[in-house]
Ligand code: KG4
Ligand code: ZN
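Numbering (this note's numbering), first residue to last: 1017 to 1378.
Now the structure itself:
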């Protein structure tokens, strides 16, 4: 198959991103990757303000796309397709990127590929390593926490998901309780440096249980209460370290269950594990997951840090993989605030226990 060159656009949360990726012989090359964050605009709100995000995307999406093409040394005419995130995410932002992608596709006559943001995270490890399908995926970001079996492009089976908060959301909310800046994940990782995680006892929700679901709300409450009592920098460091260890520990515990199930269904040659999403940038999380994989002989993959958090290179690659299969989108495709990767699981089992969707952000 000849090379496919795709421009990716990502605007589903608080990063405006554009990137050009070339897919050739099943391997990806990132020709450019532009990410414009909005952290300053959201800092006063202590979280992402959807309307502020949408307006910020409108202001810079064209600049980001132009820059991505310039850095790749390409013109629109050199592209094979335009790929844009069509959900899930903050709908105002998703609409900005998707509408921009549609306009580019219409004006240039190139095909449009509407990409599921989560599918972007799922392929992100393939941006710089040869990770063949199938693989087991732990997707951990600000809005998502789920374990999936990924059989191929658009073929995901969900094994478990969070019953309450996503892992990144837990980092962010607990970071706020500890008086850290937003986003809490990287701030908490820095605050935990040199801390002793054993100085605090925090709940280990679902530890040792069957199944692959997650729960962080008990930890969030316990950490918020402990934060009220801490005295001085050292205690804060210890509490941050304990929180980080608790989150990493739960991710590793639930992943171990999923790895065991996957190993029963797949031959040793297919034992591959990928962690993706913003929380995959955390070193304690990576180390805990690597250890679990080594124990049961799984190959461990994590994208480079720049491709863990939101970026458009992963959207361009997911778009290129879809394009290679002829999976393009009509120009009237809709932006979707919710768009589960495993639509069947979400339809068959839409409710969990008595409240809410299966997996808060699934
Ligand atoms: O994938 P992402 O950029 O956006 C979503 O799709 O949600 O993930 C952002 C999340 C935030 O919750 C942020 O706090 C978390 O990833 N995060 C981290 C780290 N870097 C980002 N969490 C823990 N440690 C980090 N180093
Ligand atoms: Zn994301």
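Every residue, glycine too, gets a C-beta built ideally from N, C-alpha and C.
- In the structure shown, the three-state DSSP call for residue 1195 is coil.
- Taking the C-beta atoms as reference points, residue 1081 is found nearer than 8 angstroms to residue 1023.
- In the structure shown, residue 1232 adopts coil according to DSSP, grouped into three states.
- Straight-line measurement puts the Cα of residue 1229 at about 20 angstroms from the Cα of residue 1288.
- Distances from the CA of residue 1213 to each of 1029, 1320, 1254 and 1174 were compared; the closest alpha carbon is that of 1254.
- In the DSSP assignment, residue 1114 is bridged to no other residue.
- Where residue 1098 is concerned, the enclosing beta strand (DSSP E) starts and stops at 1097–1103.
- The three-state reading of DSSP puts residue 1021 in strand, counting E and B together.
- Assignment of beta-bridge partners to residue 1048 by DSSP yields 1036.
- With fewer than 16 other beta carbons inside 10 angstroms of its own, residue 1056 counts as exposed.
- Note on geometry: alpha-carbon atoms of residue 1290 and residue 1318 lie some 6 angstroms from one another.
- Counting along the chain, residue 1249 sits inside the alpha helix (DSSP H) bounded by residues 1248–1281.
- In the same chain as residue 1127, and ignoring 5 residues on each side of it, the C-beta atoms closer than 6 angstroms to its own belong to 1097 and 1344, in chain order.
- In this structure, DSSP gives residue 1347 a state outside helix and strand, which the three-state scheme calls coil.
- Taken through DSSP and simplified to helix, strand or coil, residue 1309 comes out as helix.
- In this structure, residue 1201 has its beta carbon at no less than 7 angstroms from each heavy atom of the ligand ZN.
- The C-alpha of residue 1115 lies about 20 angstroms from the C-alpha of residue 1135.
- Excluding residues up to 5 positions away in sequence, 1260 and 1264 lie with their Cβ nearer than 6 angstroms to the Cβ of residue 1300 in the same chain.
- About 12 angstroms separates the CB atoms of residue 1105 and residue 1137; that is not less than 8 angstroms, and the two are not in contact.
- Counting the other Cβ atoms within 10 Å of the Cβ of residue 1310 gives fewer than 16, which makes it exposed.
- A straight-line Cα-Cα distance of about 28 angstroms links residue 1304 and residue 1170.
- Rounded to whole angstroms, the gap between the alpha carbons of residue 1350 and residue 1206 is 40 angstroms.
- When only Cα atoms are considered, residue 1302 and residue 1296 end up about 6 angstroms apart.
- Residue 1159 has its CB nearer than 7 angstroms to a heavy atom of the ligand KG4.
- Judged by DSSP secondary structure, residue 1075 falls within the alpha helix (DSSP H) whose first and last residues are 1066–1087.
- Annotation for residue 1165: the continuous beta strand (DSSP E) segment containing it runs 1161–1168.
- Look at residue 1297: its beta carbon is less than 7 angstroms from one of the heavy atoms in the ligand KG4.
- Checking the 7 angstroms criterion, the Cβ of residue 1168 is out of range of every heavy atom belonging to the ligand KG4.
- If you draw a 10 Å sphere on the C-beta of residue 1237, you find fewer than 16 other C-beta atoms in it, and that means exposed.
- Nearest in C-alpha terms to residue 1360, of all of 1027, 1175 and 1046, is 1175.
- Taking residue 1321 as reference, the option from 1157, 1258, 1125 and 1352 with the minimal CA-CA separation is 1157.
- Rounded to the nearest whole angstrom, the C-alpha separation of residue 1313 and residue 1123 is 50 angstroms.
- Using a C-beta cut-off of 8 angstroms, the region 1330–1337 makes contact with the region 1030–1049, since at least three inter-stretch Cβ pairs fall below that distance.
- Around the beta carbon of residue 1235, 16 or more other beta carbons sit within 10 angstroms, so the residue counts as buried.
- Distance from the CA of residue 1047 to the CA of residue 1111, rounded to the nearest whole angstrom, comes to 25 angstroms.
- Going by C-alpha positions, residue 1184 is about 21 angstroms away from residue 1307.
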